[in-house]
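Engineer: Using the numbering used here, the first residue of the sequence shown is number 118, and each one after it goes up by one. Where a beta carbon is used, it is the ideal one built from N, C-alpha and C, also for glycine.
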Amino acid sequence: MPSLPALPKRLHSPSIWALYLLGFIPAAWGFYLGATGRLPGNAVKEFEHLLGIWALRFLIATLAITPIRDLFGVNWLRYRRALGLLAFYYVLMHFLTYMVLDQTLVLPAVLADIARRPFITIGMAALVLLIPLAITSNNWSIRRLGQRWSKLHRLVYVIAAAGALHFAMSVKVVGPEQMLYLFLVAVLVAWRAVRKRFLRWRRQGNTHMRSQPRPG
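(1) Could you tell me which of Ile185, Leu299, Thr238 sits nearest to Arg312, measuring between CA atoms?
(2) Is the beta carbon of Thr179 closer than 9 Å to that of Val304?
(3) Which residue from Met210, Tyr196, Arg197, Ile177 puts its Cα closest to that of Val161?
(4) What number of angstroms, rounded off, separates the C-alpha of Pro125 from the C-alpha of Ile133?
(5) What separation, rounded to the nearest whole angstrom, lies between the Cα atoms of Ile231 and Ala277?
(6) Grab the span of the alpha helix (DSSP H) containing Lys289 for me, first residue to last.
(7) Identify every run of the alpha helix (DSSP H) within the stretch 166-220, keeping only runs that are complete inside it and at least 4 residues long; order them along the chain.
(8) Given a cut-off of 9 Å, decide if Leu203 and Leu136 are closer than it, judged by their beta-carbon atoms.
(9) Go ahead and pull the three-state DSSP assignment for Arg265.
(10) Could you give the DSSP three-state label for Thr238: helix, strand or coil?
(11) Hey, quick one: how far does the alpha helix (DSSP H) through Phe141 stretch, first residue to last?
(12) Pull up the distance between the alpha-carbon of Glu165 and that of Val291, whole angstroms please.
(13) With distances taken between CB atoms, is the gap from Ile177 to Val302 smaller than 9 Å?
(14) What residue from Arg260, Arg174, Leu246 has the CA that sits closest to Gln349's CA?
(15) Can you name, in chain order, every residue of its own chain whose Cβ lies under 8 Å from the Cβ of Leu282, other than the five neighbours on each side?
(16) Return the CA-CA distance between Val306 and Ile259, expressed in angstroms with no decimal places.
(17) What residue from Ala172, Ala199, Arg314 has the CA that sits closest to Pro131's CA?
(18) In terms of residue numbering, what span does the alpha helix (DSSP H) encompassing Arg233 cover?
(19) Skipping 5 residues on each side, what residues in its chain have a beta carbon closer than 6 Å to that of Met118?
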């Protein structure tokens, strides 16, 4: 299988910062459209929805890094932390838009919504679970926590599933878009379950191929 050309090492760090810059463009553009009255319908709700969708997209992209490497040999692991942090920032902005612009900081109304509307409860739980992952997304935490770091960050699968469920439950009728995100998250979670067996099978196949005598 032909591989993509490797990015020169000197461009690794700039490319990560470029990803952050590009990652915030949807939020900035959506805010501009809302501030200038160019978002259709309820501008606050539309902006809130946009932030939530991009949060889910970045979560899915974060989870897709490992399967892409396993299946296609494309190593984008250097971007996984940035994608995960972008997901956190978008979830946080999504919640702040809801709390500040939608509920106008009326805390009793926010708490009542969290308590009586299951999809908001699930979304809030996802945000709470994301906080320790964001705080520990640094090299110091990796060294300090050791194997516990990997166990902690497996929560991202639970968070992505909660995010997709939150999105599906937030609409009156679950349509193709909601089904697509639920499907993608389900596939990525399933890959996590079968990954070790797949890698073992592939290693065994490679070992068998190398052990075969070459013709001629």
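Structural biologist: With the structure as the only source:
(1) The residue given as residue 312 occupies position 195 in the sequence shown. Nearest to Arg312 by C-alpha distance, out of Ile185, Leu299, Thr238, is Ile185.
(2) Residue mapping note: residue 304 aligns to position 187 of the sequence shown, counting from 1. Residue mapping note: residue 179 aligns to position 62 of the sequence shown, counting from 1. No, Cβ-Cβ distance for Val304 and Thr179 is not below 9 Å.
(3) Counting from 1 along the sequence shown, the entry for residue 161 is found at position 44. Measuring from the Cα of Val161, the nearest candidate turns out to be Met210.
(4) Looking up residue 125 in the sequence shown gives position 8. Looking up residue 133 in the sequence shown gives position 16. If I take the Cα positions, the gap works out to 13 Å.
(5) Numbered from its first residue, the sequence shown carries residue 231 at position 114. Numbered from its first residue, the sequence shown carries residue 277 at position 160. Ala277 has its alpha-carbon roughly 19 Å from the corresponding atom of Ile231.
(6) Translated into positions along the sequence shown, residue 289 becomes position 172. Looking at the DSSP string, Lys289 is not in any alpha helix (DSSP H), and its letter there is neither H nor E.
(7) Restricted to the stretch 166-220, the alpha helix (DSSP H) segments that are unbroken, complete and at least 4 residues in length are 197-213, listed in chain order.
(8) As a position in the sequence shown, residue 136 is number 19, starting the count at 1. As a position in the sequence shown, residue 203 is number 86, starting the count at 1. Closer than 9 Å, so yes.
(9) Here residue 265 corresponds to residue number 148 of the sequence shown, with the count starting at 1. Residue state, collapsed to three classes: helix.
(10) Position 121 of the sequence shown, counted from the start, is the residue given in the question as residue 238. In the displayed model, Thr238 falls within a helix according to three-state DSSP.
(11) Locating residue 141 in the sequence shown gives position 24, where the first residue counts as 1. No alpha helix (DSSP H) contains Phe141, which DSSP labels as neither H nor E.
(12) Counted from its first residue, the sequence shown places residue 165 at position 48. Counted from its first residue, the sequence shown places residue 291 at position 174. If I take the Cα positions, the gap works out to 18 Å.
(13) Within the sequence shown, residue 177 is the residue found at index 60, counting from 1. Within the sequence shown, residue 302 is the residue found at index 185, counting from 1. Going by C-beta atoms, Ile177 is nearer than 9 Å to Val302.
(14) Examination of residue 349 is not possible in this model, given that the chain is present from 118 through 333 alone.
(15) Within the sequence shown, the letter at position 165 stands for residue 282. Correct list, in chain order: Phe236, Ile239, Leu299.
(16) Here residue 306 is taken as the residue at index 189 of the sequence shown, counted from 1. Here residue 259 is taken as the residue at index 142 of the sequence shown, counted from 1. Straight-line Cα distance between these residues: approximately 23 Å.
(17) Within the sequence shown, residue 131 is the residue found at index 14, counting from 1. Taking only the C-alpha atoms, the option nearest Pro131 is Ala199.
(18) Position 116 of the sequence shown, counted from the start, is the residue given in the question as residue 233. Run containing Arg233: 224-233, per the alpha helix (DSSP H) assignment.
(19) Your numbering for residue 118 matches position 1 in the sequence shown. With a pLDDT of 45 at Met118, under the threshold of 50, the modelled position of this residue cannot be trusted, and the question is left open.
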